[in-house]
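Oh and the sequence shown: position 48 is 48 in full-length UniProt numbering, straight run, nothing missing. Built from N, CA and C at the ideal position, the CB exists for glycine as well. Note that the structure is predicted; figures quoted are calculated from it, not measured. I have placed the structure first, in the form of structure tokens, so that the comments after it can refer back to it.
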Amino acid sequence: IYQMPGIAETVDFAHIRNHYYRSHKTINPTGIISVGPQQDLNEPHGRDLRFR
1 IYQMPGIAET VDFAHIRNHY YRSHKTINPT GIISVGPQQD LNEPHGRDLR FR
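Structure (structure tokens):
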């Protein structure tokens, strides 16, 4: 879905991570957020070849 036209421009992963880990104290009571992993969601995934 991320690679579909117009989707990537609407996604802010920093906001998603900060909201998820900082607003739900039962999930992360210490407020610590890891640095990674770094993901390249624009990298070819090959689904177009596997699912025709």
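(Q) Any beta carbon of chain D sitting closer than 9 Å to that of residue 3? (A) No chain D is part of this structure, which consists of one protein chain only.
(Q) If we require 4 or more residues per run, which alpha helix (DSSP H) segments fall completely within the UniProt region "Disordered" (28-52)? (A) 47-50
Q | CB contact flag (residue 18, residue 33, <9 Å) | A | yes
Q) residue 20 by DSSP, collapsed to three states: which one? A) helix
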